[in-house]
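Participant: All residue numbers for the sequence shown refer to my numbering, where the first residue is 155 and numbers rise by one. Glycine included, C-beta positions come from ideal geometry on N, C-alpha and C. These figures come from a predicted structure and were not determined experimentally.
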Amino acid sequence: METLLTFIGLLVVVSIFFRFIGAIIILLFRYPLLFLFAILGIYFLFKNFRFKFYTYRTRNNPYGNYNNRSQNTNNSSQNYYDLRKKYDYYRNLFNLPENFTKEELKKKFRELTKKYHPDKCPENRKKCEEQFKKINEAYEFLSKYAK
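Structure follows, in structure tokens:
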């Protein structure tokens, strides 16, 4: 008996829903101007809505593979999140706090350049050269953001 009453209640709810939808559709087709406003309203409602069903995401590289990206000197065209990733990566390379000063940056830069200068480590010259280039690039980038 309970299942029958539940089924009847469900049918009543569904019939009320379809009557409501049917009344809206009849009103929209009876008054074309109302139909036009409904279409425009739906358009403006979802104009800035982005469907993300078919986006393909790549895995995040924790080391930030910045060498494969095009060398664009115009920073305004770069994405904020890319700049933030680069900032955090270089800041961690220098082991600096979030808000660092120019003096702290300069001190860490001098320490790292002394440590990784290619003339000072002849056994791993190639590795030191790469690290030295990375340090110089990081210093140029971070000097813009130092207080």
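In angstroms, rounded to a whole number, what distance separates the CA positions of Lys-274 and Lys-240?
Facilitator: Roughly 28 Å separates the two Cα atoms.
Participant: For a test of the three-state rule: what should DSSP assign to Ala-177, helix, strand or coil?
Facilitator: The answer is helix: DSSP assigns Ala-177 an H, G or I state.
Participant: Using only the alpha-carbon positions, how far apart do Asn-249 and Leu-190 sit?
Facilitator: Using only the alpha carbons, I get a separation of about 60 Å.
Participant: Quick one: give me the first and last residue of the alpha helix (DSSP H) that Cys-282 is part of.
Facilitator: Counting along the chain, the alpha helix (DSSP H) containing Cys-282 begins and ends at 279-297.
Participant: Assuming Leu-259 and Leu-199 make a contact with CB atoms under 8 Å, what is their CB distance in whole Å?
Facilitator: Contact doesn't hold; Cβ gap of about 48 Å is too wide.
Participant: DSSP state of Glu-156, grouped into three classes?
Facilitator: Reduced to three states, the DSSP call for Glu-156 is helix.
Participant: Mapping the DSSP letters down to three states, classify Asp-273 as helix, strand or coil.
Facilitator: In this structure, Asp-273 counts as coil in the three-state DSSP scheme.
Participant: Under a three-way DSSP split, which group does Leu-252 fall into?
Facilitator: For clarity, residue 252 is Glu in the given sequence; the question names Leu instead. It is coil, neither helix nor strand.
Participant: For Lys-268, count neighbouring Cβ atoms within 10 angstroms of its own Cβ and tell me buried if that reaches 16, exposed if not.
Facilitator: The residue in question, Lys-268, is exposed, as its Cβ has fewer than 16 Cβ neighbours within 10 Å.
Participant: What residues in its chain sit with their C-beta under 8 Å from that of Asn-221, if we drop five residues either side in the sequence?
Facilitator: Because the pLDDT of Asn-221 is 49, which lies under 50, any placement of that residue in the model is unreliable, and the question is left without a value.
Participant: Does the beta-carbon distance from Phe-254 to Arg-245 come in below 9 Å?
Facilitator: Contact flag set, yes.
Participant: Buried or exposed for Lys-262, going by 16 or more other Cβ atoms inside 10 Å?
Facilitator: Buried, because 16 or more other Cβ atoms sit within 10 Å of the Cβ of Lys-262.
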